[in-house]
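For reference, the structure is listed below as structure tokens.
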Amino acid sequence: MKKIKSRRKVREPRFCFKTLSEVDVLDDGYKWRKYGQKVVKNTQHPRSYYRCTQDNCRVKKRVERLAEDPRMVITTYEGRHAHSPSHDTEESQAASNAQLNSDFFW
Ligand SMILES: [Zn+2]
């Protein structure tokens, strides 16, 4: 008898986009906790890793600057949020309202 091992890796969906921005971490309405940083070759800008602070949410975000053009920020999301963005302060609410008017593309 042959045992069939099914090793199907479930790949999390990824979204990646570039933004012309002075700040590294764009306000996307979600809360993130930095858990890692990596030195990137040919640039003085390190790559940062963030994780959603929401319990039971495993979405990750990677933020780095484009080596050829450090004005550009590359944000990569891995996974999908199973909850809505957090709006616990009036301040963050105002920030996310402003976000709606900017061209935030996926
Ligand atoms: Zn989340």
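FYI, in the UniProt record's numbering the residues of the sequence shown are 1 to 106.
Just so you know, even glycine gets a beta-carbon here, dropped at the ideal spot from N, CA and C.
1) Should Val-25 be counted as a contact of ligand 1 given a C-beta to heavy atom distance under 6 Å?
2) Pull up the distance between the alpha-carbon of Arg-33 and that of Arg-51, whole angstroms please.
3) What are the complete alpha helix (DSSP H) segments, minimum 4 residues, inside the region 9-44?
4) What does the Cβ neighbour count give for Glu-64, buried or exposed, with the cut at 16 atoms within 10 Å?
5) Should the region 58-78 be called in touch with the region 35-49, which here means at least 3 C-beta pairs below 8 Å?
6) Using DSSP with H/G/I as helix, E/B as strand and the rest coil, what is Ser-92?
7) Assuming Arg-14 contacts Thr-76 under a Cβ cut-off of 8 Å, what Cβ separation, rounded to an integer in Å, is found between them?
8) Mark Tyr-30 as exposed unless 16 or more other C-beta atoms lie within 10 angstroms of its C-beta, in which case mark it buried.
The short version:
1) Sequence index remark: in the sequence shown, residue 25 carries index 25 (1-based). Val-25: no, Cβ never under 6 Å from ligand 1.
2) Here the question's residue 33 lines up with position 33 in the sequence shown. Here the question's residue 51 lines up with position 51 in the sequence shown. So the two alpha carbons sit approximately 5 Å from each other.
3) none
4) Position 64 of the sequence shown, counted from the start, is the residue given in the question as residue 64. The residue in question, Glu-64, is buried, as its Cβ has 16 or more Cβ neighbours within 10 Å.
5) yes
6) One-based indexing of the sequence shown puts residue 92 at position 92. Because Ser-92 carries a pLDDT of 47, less than 50, the predicted location of this residue cannot be relied on, and the following value inherits that uncertainty. The answer is helix: DSSP assigns Ser-92 an H, G or I state.
7) Counting from 1 along the sequence shown, the entry for residue 14 is found at position 14. Counting from 1 along the sequence shown, the entry for residue 76 is found at position 76. Indeed, because the Cβ distance is near 6 Å, the residues count as touching under 8 Å.
8) Taking the sequence shown and counting its residues from 1, one reaches residue 30 at position 30. Answer is buried; the Cβ neighbour count reaches 16.
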